[in-house]
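Participant: If you read the protein sequences in the order shown, they are chains A and B. According to the numbering used here, the first sequence is numbered sequentially starting from 1. According to the numbering used here, the second sequence is numbered sequentially starting from 1001.
Protein chains: 2
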Amino acid sequence: MTTIPPEKLIDGKAFAEGLRKQIAAEVQVLRDQHGIQPGLAVVMVGEDPASDVYVRSKCKQTGECGMLSVERRLPADTSENELLLLVEALNKDPAIHGILVQLPLPRHINADRVLNTIVPEKDVDGFHPVNVGLLSTGGQALVPCTPLGCSLLLKDRLGDMSGMNAVVIGRSNIVGKPMAQLLLKENCTVTLAHSRTRDLPAVVKAADIVVAAVGIPEMVKGEWIKDGATVIDVGINRLPGSAEGKSRLVGDVETAEAAKHAAGITPVPGGVGPMTIACLLRNTLTACKRLHGLED
Amino acid sequence: MTTIPPEKLIDGKAFAEGLRKQIAAEVQVLRDQHGIQPGLAVVMVGEDPASDVYVRSKCKQTGECGMLSVERRLPADTSENELLLLVEALNKDPAIHGILVQLPLPRHINADRVLNTIVPEKDVDGFHPVNVGLLSTGGQALVPCTPLGCSLLLKDRLGDMSGMNAVVIGRSNIVGKPMAQLLLKENCTVTLAHSRTRDLPAVVKAADIVVAAVGIPEMVKGEWIKDGATVIDVGINRLPGSAEGKSRLVGDVETAEAAKHAAGITPVPGGVGPMTIACLLRNTLTACKRLHGLED
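#1: According to DSSP, is Ser-57 of chain A part of a helix, a strand, or is it coil?
#2: Please give me, in chain order, every unbroken run of the beta strand (DSSP E) with length at least 3 that falls completely inside the segment 1187–1273 of chain B.
#3: With respect to the beta strand (DSSP E) encompassing Glu-1071 of chain B, which residues constitute its N-terminal and C-terminal limits?
#4: Among A:Leu-239, A:Lys-92 and A:Ala-256, which has the Cα closest to the Cα of Lys-8 of chain A?
#5: State the Cα-Cα distance for the pair Cys-188 of chain A and Leu-1019 of chain B, rounded to the nearest angstrom.
#6: On the DSSP bridge assignment, give the partners of Val-312 of chain A in chain order.
#7: Between which residues of its own chain and Ala-1024 of chain B is the CB-CB distance below 6 Å, once the five residues before and five after are set aside?
#8: Does DSSP classify Ala-16 of chain A as helix, strand or coil?
#9: Given a limit of 7 Å on CB to CB distance, which residues of the segment 1179–1193 of chain B reach chain A?
#10: Using the Cβ count rule (16 or more neighbours within 10 Å means buried), how would you classify Gly-1298 of chain B?
#11: Under 8 Å between C-beta atoms, does Asn-110 of chain A make it to chain B?
#12: Got a sec: is the Cβ-Cβ distance from Pro-1129 of chain B to anything in chain A below 8 Å?
#13: Taking a cut of 7 Å between CB atoms, which residues from the segment 137–168 of chain A lie near chain B?
#14: Classify Gly-273 of chain A as buried or exposed, calling it buried when 16 or more other Cβ atoms lie within 10 Å of its own Cβ.
#15: So the beta strand (DSSP E) Asn-1165 of chain B belongs to, where does it begin and stop?
#16: Report yes or no: is there a C-beta of chain A within less than 8 Å of the C-beta of Lys-1226 of chain B?
#17: Taking the runs of the alpha helix (DSSP H) that are 4 residues or longer, which of them lie wholly in the segment 82–137 of chain A?
#18: Evaluate contact between the segment 209–216 of chain A and the segment 154–173 of chain A, counting only Cβ atoms and requiring at least three cross-stretch pairs below 8 Å.
#19: Please determine, among B:Pro-1104, B:Ser-1151, B:Ala-1076 and B:Ala-1278, the residue with the shortest C-alpha to C-alpha distance to Ala-1016 of chain B.
#20: Quick one, are the C-beta atoms of Thr-284 of chain A and Gly-98 of chain A less than 8 Å apart?
#21: Just to check my reading of the structure: Thr-1137 of chain B and Val-268 of chain A have Cβ atoms closer than 8 Å, yes? What is that Cβ distance to the nearest angstrom?
#22: Between which two residues does the alpha helix (DSSP H) carrying Gly-139 of chain A extend?
#23: Within this structure, are the beta carbons of Thr-1266 of chain B and Leu-1158 of chain B separated by less than 8 Å?
#24: According to DSSP, is Leu-153 of chain A helix, strand or coil?
#25: Only counting the same chain, and skipping five residues up and downstream in sequence, which positions put a Cβ closer than 7 Å to that of Thr-1003 of chain B?
#26: Anyone know if the C-beta pair for Val-43 of chain A and Leu-86 of chain A falls short of 8 Å?
#27: Given a threshold of 16 other Cβ atoms within 10 Å of its Cβ, counted over all protein chains shown, does Ala-1089 of chain B qualify as buried or as exposed?
#28: Our contact map puts Ala-1263 of chain B next to Ile-1209 of chain B with C-beta atoms below 8 Å; I'd like the distance itself, whole angstroms only.
#29: Given a threshold of 16 other Cβ atoms within 10 Å of its Cβ, counted over all protein chains shown, does Lys-122 of chain A qualify as buried or as exposed?
#30: Please list the terminal residues of the continuous alpha helix (DSSP H) segment that includes Met-179 of chain A.
#31: Compare the C-alpha of Ala-1287 of chain B against each of B:Ala-1207, B:Gln-1028, B:Leu-1103 and B:Pro-1120 and name the closest.
#32: Taking the alpha-carbon positions, what's the Leu-1135 of chain B to Gln-33 of chain A distance?
#33: One question on the structure: do Leu-294 of chain A and Thr-62 of chain A come within less than 8 Å of each other, judged by their Cβ atoms?
#34: Between the segment 105–114 of chain A and the segment 137–155 of chain A, do three or more beta carbon pairs fall short of 8 Å?
#35: Looking at His-261 of chain A: is its Cβ nearer than 8 Å to the Cβ of Lys-226 of chain A?
#36: Measure the C-alpha to C-alpha separation of Trp-1224 of chain B and Val-1250 of chain B and round it to an integer number of angstroms.
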C-alpha cells in the first residue's frame, strides 16, 4: 500500500468500514421500527481451510452488523439430496433473508443444481440465472458482491461515469460479466476483454476505467494505463516469498507502476477484498427489505 | 441491394431460406422417427396492423416448415388475467413447444408480467430473465431471435471469430445486450456502444465486426468502417418517399458508403430481417427437442 501516493489511493478497507457502519445503522432502524432482523445463513460442506476462514469472517461481520447469523456446517460426505433439502428449508425459513452456499462444494455435489435451488429473492451471491437475467435487463436483481463492491468504489471516486470508456479484463460469471453490466448501467462504453483479446495493451490504453479480474499476478502492466485513468484491481494472488519464506499478496495489476499513470487505484490487499463481504451484508439487508415489501 | 457488390453481400434472405429448409427437414425426421410435431402458439391482443402482418408471416412460415401453428387472437379489451390464464394453459399444453406473445400489448396489460409467465422452456423469444441469465452464464438458453440470426450470418461469413474486435451499437434487451453475449461466446473482444458513447466513429473504426442496432436511419457513416470489416445492419427504418409518395426502407448504416470499406455487409431489406422469423422457427424446434429430452 505504500507504493500508492495517498491522493491516488482508493481505500476499499476504509470504504467497507463506512459501509458496514451504515448497514448496522439501517439494521437498527429495521429492528426498532419494524421488529425485523435481517438473517443470513451460510452453508459450508466439508472442511476446506480457505473456506473456513471466509465463512468465519462472514458470520462474524454479519453478527457485528446486528443481523442474525446462522452457520450450517455439514460433513464432507453429505449427499446432494441432503444439501438440497437444507436449502429448501432455508428458502422457507422466515428468519432467513439471505442464503449463501460456500464454494467449492465436494465433487459429488452438482454446485449449479444447489445454487439454482436457492430462491432468487434470497440469493445474496447473485449467481442464480434469474438474478443474472434481471441485472442484464434492468430488473430488481441481487448483484454479485465483488462487482457490486467495485461499482460502489468507482461511483464514490468518479461520480457520473456517463460516456467513459471502461474495460473489464476477464469474463467470469462471478466478476467480469456482471461488472460489465454494472458499468453499462452507469452509461459507460464497455469493452469486455479476455485471454483471446489480441492487443490488450492498446485496449487498456484507451480506457478511462480499468477493472482487472483475471487471477494472474501483475498481468496488467503499469505502462498500459492511460494517464488519469481509474484502476480497480480485483486480483488477489499469493506469491511465494523470499528467503525468509513469507508469501505476499499481489493483484492482477503492477500497482506501483500503474499508480504513476492512474488518477486512482485500489491496493492489494485493502482494496476490493474488504468490499466483497460488506456487499454481502448489503445484499442481505436489501433482500430482507424486499421480502418484507419495504423500499430498497 | 444494388448498392452492394455481390462478393460483399451478406444475403440474409437466401440464408434464411436455406435455414428454413433445414428446419423443415429436421421437423420431418422428428415426425417420422419420434412421432413428434413441434408446435408454436402465437398470441396477439388487439388489432395493431404491423403486428398483424408479423403474426400472419410467422404463422405461415411455421406451417410451411411442417410445424403445428396455433394462432390465438384476443380482443383489445382482454384483461391481463385472461391473458395470463391463456399463457398458463399453453404452458401446460403438450402440443405446444413455443409460446410467443406479440408485442406491443394494450396499455392496461403489464407486458413484463405476461412474458415472465411463459415457462422458460417454451420462451422462444428468449426474453424471460432465466433465458437471459442462462445466455450470460453459458447455460442452455433460448436466445432472442434477431441477435441469433446476426450471429449465424457472422459465423457463416467469418468462421472462427476468436480475438476479433466486435462493436455492438445499441444496448437494447432484445438485440444489443444478447448480441454482445453471443459475440463474447465466439471469443470476440466485445465493446457495447450506445447513445452516451463519446467518440463513436473511433470506436467503430477499431472494429472487425460492427453490429448496428439503434433504430436511427443511416446513423453509422460509411467512412467510420474499417477496411475489411464485416457489418451487420439490424435497423429497419421507413423513410418518407419522394414526390411520388413511395416510402423506402433504410438501415442504421449508410450501406453504399460502408460497402466501399467493408468486406461484407447485410442489405436492408433482405439482410437481418428474414433471419428473425427463421430463428423463431429454429428456437421452436430447439425447444421441442429439449422438452422431449432429445439432443439439440
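Glycine included, every Cβ here is placed at the ideal spot set by N, Cα and C. Only a predicted model underlies this, so the values are computations on that prediction, with no experimental measurement involved.
Facilitator: Looking at the coordinates:
#1: helix
#2: 1189–1193, 1209–1212, 1230–1233, 1237–1239 and 1248–1250
#3: 1068–1074
#4: Among A:Leu-239, A:Lys-92 and A:Ala-256, the Cα nearest to that of Lys-8 of chain A is on A:Ala-256.
#5: 37 Å
#6: As shown, chain A starts at 1 and ends at 296. That puts residue 312 of chain A outside it, with no answer to give.
#7: Cys-1065 and Gly-1066
#8: Here Ala-16 of chain A sits in helix by DSSP.
#9: Leu-1184, Asn-1187, Thr-1189, Val-1190, Thr-1191, Leu-1192 and Ala-1193
#10: Lying outside 1001 to 1296, the shown extent of chain B, residue 1298 of chain B is not represented and no answer is given.
#11: no
#12: yes
#13: Thr-137, Gly-139, Ser-162 and Gly-163
#14: buried
#15: 1165–1169
#16: Output row for Lys-1226 of chain B: interface = no.
#17: The qualifying runs are 111–117 and 129–137.
#18: yes
#19: B:Ala-1278 is the residue among B:Pro-1104, B:Ser-1151, B:Ala-1076 and B:Ala-1278 whose C-alpha sits nearest the C-alpha of Ala-1016 of chain B.
#20: yes
#21: The Cβ separation is near 27 Å, so there is no contact.
#22: Counting along the chain, Gly-139 of chain A falls outside any alpha helix (DSSP H), and DSSP gives it neither H nor E.
#23: no
#24: Here DSSP, grouped into helix, strand and coil, assigns Leu-153 of chain A to helix.
#25: Thr-1255, Ala-1256 and Ala-1259
#26: Judged by beta-carbon spacing, Leu-86 of chain A lies within the 8 Å limit of Val-43 of chain A, meaning their Cβ atoms are closer than that value.
#27: Burial call: exposed.
#28: The pair is not a contact, with the Cβ atoms about 11 Å apart (cut-off 8 Å).
#29: buried
#30: 176–185
#31: B:Pro-1120
#32: Distance between the alpha carbons of Leu-1135 of chain B and Gln-33 of chain A is about 42 Å.
#33: no
#34: no
#35: yes
#36: Taken atom to atom, the span from the alpha-carbon of Trp-1224 of chain B to that of Val-1250 of chain B is near 18 Å.
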